[in-house]
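If you read the sequence shown in the numbering used here, its first letter stands for residue 225, the second for the next number, and so on.
Each residue gets a CB set at the ideal place from its N, CA and C atoms; glycine is no exception.
Predicted model, so just to flag it, every value in this text is computed and none were measured.
To keep things clear, I will list the structure first and then write my remarks on it.
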Amino acid sequence: MKTSNALLFILVLLYINASTEWPTHTVCKEDNLEIHYKSCDPQQDFAFSIDHCADIATHTFNIRAAMVLRHSIKELYVKLDMIINGKTVLTYSETLCGLGHAKLIFCGMKKGEHLYYEGPVTLGITEIPQGDYTLSAKLINQDHVTVACADFTVKNYLDYY
Numbered sequence: 225m226k227t228s229n230a231l232l233f234i235l236v237l238l239y240i241n242a243s244t245e246w247p248t249h250t251v252c253k254e255d256n257l258e259i260h261y262k263s264c265d266p267q268q269d270f271a272f273s274i275d276h277c278a279d280i281a282t283h284t285f286n287i288r289a290a291m292v293l294r295h296s297i298k299e300l301y302v303k304l305d306m307i308i309n310g311k312t313v314l315t316y317s318e319t320l321c322g323l324g325h326a327k328l329i330f331c332g333m334k335k336g337e338h339l340y341y342e343g344p345v346t347l348g349i350t351e352i353p354q355g356d357y358t359l360s361a362k363l364i365n366q367d368h369v370t371v372a373c374a375d376f377t378v379k380n381y382l383d384y385y
């Protein structure tokens with residue numbers, strides 16, 4: 225019996241090591257809105273959640289995000305791409321941490337520190353576009369190294385009218 229347990233344990237470890245991508249996480253699934261994400265960084269996953277899915281359609285909503293930094297953040301830039309049917313239809317980028325302006329509390333954090341944010345986020349949009357699409361998000365530091373990245377799958381069938 226112990227031999228079969230040990231064999232099963234070894235097979236599980238081999239399967240985990242053979243896996244080449246992170247699992248898909250569900251951010252929210254309510255009524256007509258679903259949001260899932262998967263880390264696109266092959267070396268690191270992260271935690272992300274939203275209090276209530278329906279709050280995203282409002283101006284401000286609460287999130288929680290956590291990860292251990294693999295790279296220091298002196299400067300931090302975000303790049304977002306909206307992808308529909310494999311084609312990028314909208315691109316947005318912004319400086320989040322940089323010389324003279326630090327928009328986030330974790331600007332200046334060092335490699336190995338635990339990044340944790342819990343609080344309000346404002347997207348600056350009045351509604352989430354309807355349909356099925358991917359929102360690709362990438363955080364890049366001063367050395368042009370990816371700090372975190374994820375592909376968010378959005379399925380929105382909310383009627384705003």
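Option nearest residue i by Cα separation, candidates the options
{"i": "H295", "options": "K379, V378 and N365", "result": "N365"}
{"i": "K335", "options": "T370, L257 and K379", "result": "T370"}
{"i": "G343", "options": "A290, K362, F285 and K253", "result": "F285"}
{"i": "T248", "options": "A271, D255, E254 and L257", "result": "A271"}
{"i": "D269", "options": "N309, L314 and L339", "result": "L339"}
{"i": "A374", "options": "L257, T250, E258 and K262", "result": "K262"}
{"i": "H283", "options": "Y341, Y357, Q354 and T350", "result": "T350"}
Outcome for residue i when other beta-carbon atoms lying within 10 angstroms are tallied against a minimum of 16
{"i": "S317", "result": "exposed"}
{"i": "A372", "result": "buried"}
{"i": "L347", "result": "exposed"}
{"i": "A290", "result": "exposed"}
{"i": "I308", "result": "exposed"}
{"i": "I259", "result": "buried"}
{"i": "I280", "result": "buried"}
Coarse secondary structure for residue i, derived from DSSP in three states
{"i": "C264", "result": "coil"}
{"i": "C277", "result": "helix"}
{"i": "Y381", "result": "coil"}
{"i": "E318", "result": "strand"}
{"i": "S360", "result": "strand"}
{"i": "H325", "result": "strand"}
{"i": "L231", "result": "Note that L231 scores 48 on pLDDT, short of 50, meaning its location in the model is unreliable and no value can be drawn from it."}
C-alpha distance - residue i paired with residue j, whole-angstrom precision
{"i": "G324", "j": "I297", "result": "14 Å"}
{"i": "C252", "j": "V302", "result": "22 Å"}
{"i": "K311", "j": "E337", "result": "36 Å"}
{"i": "T250", "j": "T319", "result": "27 Å"}
{"i": "C321", "j": "L382", "result": "34 Å"}
Host beta strand (DSSP E) of residue i (start-end)
{"i": "M333", "result": "It is not in any beta strand (DSSP E) - M333 carries neither H nor E in the DSSP assignment."}
{"i": "V369", "result": "No beta strand (DSSP E) contains V369, which DSSP labels as neither H nor E."}
{"i": "N286", "result": "T284 to V292"}
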